[in-house]
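Notes follow the structure.
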Amino acid sequence: MVGASDLAFRLLCRRHGADCAYTEMLDARRFVGEPEYASSLFWSQLGGAADRPLVAQFCGNEPDELVAAARLVETHVDAVDLNLGCPQARAKEGVYGAYLLDDHHWPRVFAIVDALAAALSVPVTCKVRLCDSLDQTLAFAAGLQRAGCKLVACHGRLRGSATRRRSGPADLAAVAALAASLRIPTLTNGNALLADPALFAREATGRRCGTSDRRGLALEYLDLATAHPPPSLDYARAHLGYMLGRSGAGARLAYKHSHWDPHALRQALLAAASLRQLQSLAAAAFGRGGRRWRVEQPPPWWGGGEALSVEGGSGEADADADAGGAAAEPPPRRCQCLWLYVSRHERVYVTRHHVCFRFGFRVVTLTGTLITVV
Ligand SMILES: Cc1cc2nc3c(=O)[nH]c(=O)nc-3n(C[C@H](O)[C@H](O)[C@H](O)COP(=O)(O)O)c2cc1C
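With UniProt numbering applied, the sequence shown closes on residue 374, and no number is skipped along the way.
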């Protein structure tokens, strides 16, 4: 995954039960033309035997470019994957990823797979999304199979738009129908972020992932990242955001046992300037009774309004008592507030310009403020 499938994370996944890992999506043209890009995202992230089997994933739309990029890596990986699932705006601009699912691009896609299969000593695989209808999905995948694709990983979602990529659960029944229609193996994909991405193999054991598991997982990743630094600190920030804070599907799915609200955690992660600082942050996560966060810059409306006392250890009890009597949510009101007590009962709503923390029935709206941990 872009910004996430660094070597340390792949090794972590393998320790917790993954049999195989993919690199993040690599742009074939840049991989061939920009040595720094290839070095940062691929060559610096090779882990030898401990990180095999490994699939290198490329995106692109020119057979020659994809073949050239794939040939550079073929002796270091066990398969080469063509990304036909990326829905992002840059994929739309560059006409790659899920934007190659439109049927007028199919001949080009099949030519790419054919060229890769002919040129490489390792198998060619494809990651796809669902096409507009099941019939189209089956026809497209059958074409990939004919062209020499040896495995299809299907993300059970439509492409959607560049900004709206998930609505509701993935359609795993469609993936099952696809699997039944192909001779080659099908990997099912989707709904990962609706479950708990920190669970890994624990799901199979039937045990819930508790806070110590989450902190342990984050620290384990950071140990691996210290030994095998990711391309940038943002990779580690992203992993800790998921492991300590919330699922990727938004504040609605914030873990109930986490008292980190997504916005405050994000601020703390951004403020950390090294893996060591991230280690301190992870070690301090899930302490008893919530954490205090300070508003560093007074908001524009500072100097008036009602003072909201949320400092100290009473936040959870207050919230419990308040929640019982709160039938309907009152409109947000502005409060003077120096300290925010972040408890696991709090809910957070984040929009582009506002951060609204709800404490029981009380709502605090902060605009243009910076929150850092103290
Ligand atoms: C941050 C992020 C980066 C991703 N990067 C890639 C990628 O490089 N290649 C890929 O095939 N899928 C990528 N994906 C998609 C995931 O592999 C996967 O298909 C998706 O998260 C499935 O789960 P969901 O639909 O339930 O969220 C990415 C997803 C996320 C959230």
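Don't be surprised by glycine CBs; every beta carbon is placed ideally from N, CA and C.
### Task
Have a look at Arg29 and Gly97 and give me their C-alpha separation to the nearest angstrom.
Each residue's alpha carbon lies about 14 Å from the other.
### Query
On the three-state DSSP scale, how would you describe Met25?
In this structure, Met25 counts as strand in the three-state DSSP scheme.
### Task
In angstroms with no decimal places, state the Cα-to-Cα distance between Cys13 and Arg129.
If you draw a straight line from the Cα of Cys13 to the Cα of Arg129, it is about 23 Å long.
### Task
Can you have a look at Ser5 and say buried or exposed, based on whether 16 or more other CB atoms are within 10 angstroms of its CB?
Residue burial is scored here from C-beta neighbours: Ser5 has at least 16 other C-beta atoms within 10 angstroms and is therefore classed as buried.
### Query
Using the rule of at least 16 other Cβ atoms within 10 Å of the residue's Cβ for burial, across every protein chain shown, is Thr75 buried or exposed?
With fewer than 16 Cβ atoms within 10 Å of its Cβ, Thr75 is classed as exposed.
### Query
Mind checking Gly33: buried by the 16 CB within 10 Å criterion, or exposed?
It is exposed - the Cβ of Gly33 has fewer than 16 other Cβ atoms within 10 Å.
### Query
How many angstroms separate the CA atom of Leu194 from the CA atom of Leu66?
At Leu194 the pLDDT is 49, less than 50, meaning the model places this residue with poor confidence and gives no usable figure here.
### Task
Use the C-beta contact count for Leu308: other C-beta atoms within 10 angstroms, 16 or more gives buried, fewer gives exposed.
Caution is warranted here: a pLDDT of 31 is assigned to Leu308, below 50, making its placement in the model unreliable, and the coordinate value is therefore given only provisionally. Leu308 comes out buried.
#### Entry: DSSP state of Gln136 mapped onto helix, strand, coil
Of the three classes helix, strand and coil, the one that applies to Gln136 here is helix, per DSSP.
### Query
Name the DSSP bridge partner or partners of Thr188?
Per DSSP, Cys154.
### Task
Tell me whether Val109 sits in a helix, a strand or coil according to DSSP, three-state version.
In the three-state reduction of the DSSP assignment, Val109 falls in the helix class.
#### Entry: Local conformation of Cys59 per DSSP, three classes
For Cys59, the secondary structure class from DSSP, reduced to helix, strand or coil, is strand.
### Query
For ligand 2, is there a heavy atom less than 7 Å away from the beta-carbon of His155?
Ligands present in the displayed structure are limited to ligand 1, and ligand 2 is not among them.
#### Entry: Beta carbon of Gln45 nearer than 8 Å to that of Leu82
With a cutoff of 8 Å on beta-carbon distance, Gln45 and Leu82 are scored as not near each other.
### Query
Are there 16 or more other CB atoms within 10 angstroms of the CB of Arg108, so buried, or fewer, so exposed?
Exposed, since its Cβ has fewer than 16 Cβ neighbours within 10 Å.
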